[in-house]
Every structure is written in C-alpha cells, then in structure tokens.
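Structure first, then comments.
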Amino acid sequence: MLAIIITGHGDFARGILQSAEMIFGKAQKVKAVTLSANESVEDLANHYQAAIQSLQPVSEILFLADLWGGAPFNAASQLVQQNPDHYAVIAGVNLPMLIEALDSQDQPLTTVLPRLEQDGRSGIRRFNGHMSTD
1 MLAIIITGHG DFARGILQSA EMIFGKAQKV KAVTLSANES VEDLANHYQA AIQSLQPVSE
61 ILFLADLWGG APFNAASQLV QQNPDHYAVI AGVNLPMLIE ALDSQDQPLT TVLPRLEQDG
121 RSGIRRFNGH MSTD
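Structure follows, in structure tokens:
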C-alpha cells in the first residue's frame with residue numbers, strides 16, 4: 001500500500017487533508033506533517049521520521065509538498081534520495097491531486113506519479129463565464 005505524507009508551511013497540510021476527507025472520506029495511511037514558524041529543519045526531519053514509523057507497514061511513501069524548494073520539500077527530497085525505489089515527492093499539491101492520490105493508494109508509485117502531476121495541473125482552471133466539463 002502507498003502511504004502519503006502531506007507537508008507544508010504552517011497548517012497547510014492539515015487543512016488540505018481535512019478538505020480532502022470532506023470529499024473523499026476518512027483517509028488511511030496518510031499523515032499531515034507541518035513546519036511551524038518556530039521549528040527548524042531538524043525538527044521537520046524528526047516529524048517525518050515519526051510519521052514514517054507510524055505509517056508502517058507500507059511498501060512506498062509519497063510526499064506531497066506545498067512548494068518546490070521550500071524547507072518541507074527539501075527535507076522530503078533528502079529522504080527520497082536515500083530511498084529512491086520506495087519514496088517520491090511532488091511539490092505544488094492541490095486538492096484534485098490529493099484526492100487522486102487517496103484514490104490510488106493501492107497502486108505502485110510508478111503508475112500513480114504521472115497521473116498525480118496531470119490531475120494537479122488540470123485542477124488549475126480559470127472560469128471564463130460558462131461552465132464546461134472539459
């Protein structure tokens with residue numbers, strides 16, 4: 001099973017997980033890991049290790065980060081570099097991407113990653129005056 005760690009600055013991760021669960025239902029093997037203003041990158045790394053331990057047993061872990069290059073993404077990237085066959089990280093998580101991730105936890109990372117990137121991109125749309133189902 002694919003476990004998911006949502007991460008970001010402030011309460012972003014908790015908030016987006018709460019929103020996803022309102023739509024998708026209660027999530028399994030998912031943790032929200034936050035970086036507070038008074039915490040260090042070392043604190044964040046410790047939070048990740050605690051989350052990883054609490055999610056076991058799982059075969060793969062996907063980190064969904066709020067921002068490319070931010071401390072939560074960078075710390076997750078270090079873990080991915082240490083475990084490239086079992087961990088992955090995507091930055092720029094949004095609600096469509098997270099819902100797709102929750103719905104795909106029974107599939108391998110190699111299958112899920114391209115779909116998540118696509119769903120994240122297609123979830124960003126401008127309203128042009130009429131509703132479209134495209």
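Residue 1 is where the sequence shown starts when you use the UniProt record's numbering, and the numbers rise one by one after that. Each residue gets a CB set at the ideal place from its N, CA and C atoms; glycine is no exception.
- [ ] Specify, as a first and last residue, the run of the alpha helix (DSSP H) that Ser16 falls within.
- [x] As written in the sequence, residue 16 is Ile, which differs from the Ser given in the question. Note, Ile16: alpha helix (DSSP H), Phe12 to Phe24.
Notebook entry, point to check: Buried or exposed: Ser59, going by 16 or more other Cβ atoms within 10 Å of its Cβ?
Noted result: The residue is exposed, with fewer than 16 neighbouring Cβ atoms inside 10 Å.
Could you please give the first and the last residue of the uninterrupted alpha helix (DSSP H) stretch that includes Leu2?
-> For Leu2, no alpha helix (DSSP H) segment is defined; the enclosing uninterrupted segment is the beta strand (DSSP E) at Leu2 to His9.
task: Note down, in chain order, each residue of its chain lying with its Cβ closer than 6 Å to the Cβ of Ser77, except the 5 sequence neighbours on either side.
output: Val89
**Report entry** Residues sharing a beta bridge with Phe63, DSSP
**Finding:** Ile5 and Val89
**Reference Ile4; option with closest CA among Gln28, Thr110, Gln49 and Pro84** = Gln28
Excluding the five sequence neighbours on either side, which residues of its own chain have a C-beta within less than 7 Å of the C-beta of Ala32, listed in chain order? Ile6, Ala13, Arg14 and Leu17
- Using the beta-carbon count (16 or more within 10 Å), is Asp103 buried or exposed? exposed
Next item on the list: Verify whether the separation of the beta carbon atoms of Ala91 and Trp68 is less than 7 Å.
Entry: Yes, these two residues count as a Cβ contact at 7 Å.
Check: Would Ala65 be called buried (16 or more neighbouring beta carbons within 10 Å of its own) or exposed?
Finding: buried
task: For Asn94, I'd like the list of residues in its chain whose CB is within less than 6 Å of its CB, leaving aside the five on either flank, ordered along the chain.
output: Gly120 and Gly123
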